[in-house]
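Asks:
In UniProt numbering, the protein residues as written are 1 to 630.
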């Protein structure tokens, strides 16, 4: 019979994301004019103690002297710490509850605040070994129990020796005192826990560096809530994706690498190997060649609206889900369109340049209000529709054209053709997607159909407008103004020069693809895209995926979830269910959605099943990708 594995877990910066005495300092030093300096001193003392450069007892004495805390503040500390439990322990609460008899908390912290936290995760009170505060008659913390082995140097080792545990003992912690247990010969392995803090002096002594508790359970082949540890999911984020996205993905337990600029095809081919999640913006192209080198890619996140830079069909063929942010920057783009229409109609741009050159040109010539003018919107999607509402509220008469039947908002008028729209309106704003059919949608012929003196705004895609034709129309005076935010060829980063035939033209606003570049929009995108990717990985939900059939699923409860992605061929669902029947597997719930090319089947089953059943499901003809969620 195999020996039981016992887990010795540290508390500060391991079970919780913080050092408890640091948080107690935030509470007890409130109102102290020297609070910042004292908190920094506490942190430095803690770090020196964790790295072993000062003895633990010295560290503890120095910190308590600075804190000047009271028993009445412990409840506040407990409430704060409950919100600071490490994410991977929260994710594995069920495992901790089920294995509570084999889990021990051994900490140089204090039982007063540790027990109320860990017992909520099923850990037994008698399995908690920590220090004790000593209070005076007024409840002031004046000392610690100096007879407790954990208040002394090498106290954790002494405590483990006294407990006399049987079986294999694994220590999980972030500090040198945790390593000392292994060094004393009292543990089989020491896992340096780096989810919250990385101490090189500690990790250099570890048997294994564990970025999360998921990782420890995985390598020990223990039952976890997840089929694959999140710490082994590698994320590559390019093009200055907002830090919020980085933080969210790291909090989920993923390994995240960030690059500031776009990558060439060859660079990305090399970098994407072993990457599970790729995050890009508009300048990185995810081609078939790139995808052929992506041996572990699960999902691509486009931190923008457009996805024309991604080979969606090849992603589909390889079972890679693509998510974008179709709504997150809508307001930002609409406000920019409104602003540019006003600027062009009033010729503000040219007037401003003239003023900077010392020219005073006070004249109403060529300057118009937007009220009562006819705005033509090409593309009546999320952005076009919201622009329609705001423009009408500002007194404009709105007309729109879309290849798809769209319901008019407010008093907007649907036009039957693009030509009719161009011939009718005083200003045209483009809000179409990046499909190939939209290349040079506005060419020389279409520009000639526009009213003389009209203005053109392009905040959609660079290839939608024929740039030489637009230049000719501006120079000839057929168009009175234009604003262009997107271009057929754009610099890959801010260091490359910008070149365009539109440079220097009158009443021409050129901006560097910043329609959605507001802090609000970038924060919205940074929350939305990772949220959808994490939901897909954790639950199989494909809602809002650009290239997968959209399925919104209930949360998984007391079951395993089988995710089967396959070519859309007749009979695949029947084959899946036949395999399940052959292995006497009971189906708890099943969900199917297809598009013209692929099918996506989610099957929730009872937890008990043979591993051979999984291999049989993977072997069904037409299978593209198979995943199991616990």
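Where is the CB? At the ideal position from N, CA and C, for every residue including glycine. Owing to the predicted nature of the structure, the values given are computational and were not obtained by experimental measurement.
1) Just confirm the distance between the C-beta atoms of residue 387 and residue 454, as a whole number of angstroms; I'd bet it's less than 8 Å.
2) When the Cα atoms are used, what is the spatial distance from residue 374 to residue 344?
3) Between the C-alpha atoms of residue 402 and residue 307, what's the straight-line distance to the nearest angstrom?
4) Name the two residues that bound the continuous alpha helix (DSSP H) containing residue 255.
5) Would DSSP call residue 433 helix, strand or coil?
6) Going residue by residue through the region 225-250, where are the continuous beta strand (DSSP E) segments of at least 3 residues, counting only ones entirely within it?
7) Please identify the residue among 505, 449 and 429 whose C-alpha is closest to the C-alpha of residue 423.
8) At which residue ranges does the region 432-490 contain complete alpha helix (DSSP H) runs of 4 or more residues, listed in the order of the chain?
9) So for residue 508, helix, strand or coil by DSSP?
10) Which same chain residues end up closer than 7 Å to residue 19 when comparing Cβ atoms and leaving out the 5 residues on each side of it in sequence?
11) Could you tell me which residues DSSP pairs with residue 627 in its beta bridges?
12) Using the Cβ count rule (16 or more neighbours within 10 Å means buried), how would you classify residue 581?
13) On the three-state DSSP scale, how would you describe residue 620?
14) Taking buried to mean at least 16 other C-beta atoms within 10 Å of its own C-beta, is residue 415 buried or exposed?
15) Strictly by DSSP, which residues pair up with residue 604?
16) In whole angstroms, give me the CA-to-CA distance for residue 351 and residue 541.
17) Any idea what DSSP makes of residue 157, helix, strand or coil?
18) Start and end of the beta strand (DSSP E) containing residue 38?
19) Pull up the CB-CB distance for residue 238 and residue 272, whole angstroms please, since I reckon it's below 8 Å.
20) Of the residues 283, 293 and 299, which one's Cα is nearest the Cα of residue 309?
21) Where in the region 160-207 do unbroken runs of the alpha helix (DSSP H), each at least 4 residues long, occur, reported from the N-terminal end onward?
22) So which of 451, 463 and 409 has the shortest CA-CA distance to residue 432?
23) Excluding the five sequence neighbours on either side, which residues of its own chain have a C-beta within less than 7 Å of the C-beta of residue 151, listed in chain order?
24) Under three-state DSSP, which class holds residue 334?
25) Go ahead and pull the three-state DSSP assignment for residue 375.
26) Between which residues of its own chain and residue 545 is the CB-CB distance below 8 Å, once the five residues before and five after are set aside?
27) Identify which residue in 265, 97, 390 and 625 has its Cα closest to the Cα of residue 121.
28) Mark residue 360 as exposed unless 16 or more other C-beta atoms lie within 10 angstroms of its C-beta, in which case mark it buried.
29) Would you give the residue range spanned by the alpha helix (DSSP H) that residue 382 belongs to?
30) Have a look at the DSSP bridge pairing and note the partners of residue 427.
31) Residue 383 and residue 172 look like a contact to me (Cβ under 8 Å); what is the Cβ gap, rounded to whole Å?
32) Kindly indicate which three-state DSSP category residue 647 falls into: helix, strand or coil?
Replies: From the atom records:
1) The pair is not a contact, with the Cβ atoms about 17 Å apart (cut-off 8 Å).
2) Cα to Cα, the separation comes out at about 14 Å.
3) The straight-line gap separating the alpha-carbon atoms of residue 402 and residue 307 is approximately 19 Å.
4) Boundaries for residue 255: no alpha helix (DSSP H) harbours it, while the beta strand (DSSP E) harbouring it runs 255-258, taken from the DSSP string.
5) coil
6) 234-237
7) 449
8) 444-449 and 467-476
9) strand
10) Excluding sequence neighbours, residue 19 sits near 12, 13 and 46.
11) 563
12) exposed
13) coil
14) buried
15) 561 and 589
16) Approximately 52 Å, taken between the alpha carbons.
17) helix
18) First-last for residue 38: 35-51, but that is the alpha helix (DSSP H), not the beta strand (DSSP E).
19) Not a contact, Cβ separation roughly 10 Å.
20) 283
21) 176-183 and 200-203
22) 463
23) 57, 60, 131, 144 and 145
24) helix
25) strand
26) 321, 322, 323, 532 and 536
27) 97
28) exposed
29) 382-393
30) 375 and 455
31) The Cβ separation is near 49 Å, so there is no contact.
32) This structure cannot settle anything about residue 647, because the visible part of the chain is limited to 1 through 630.
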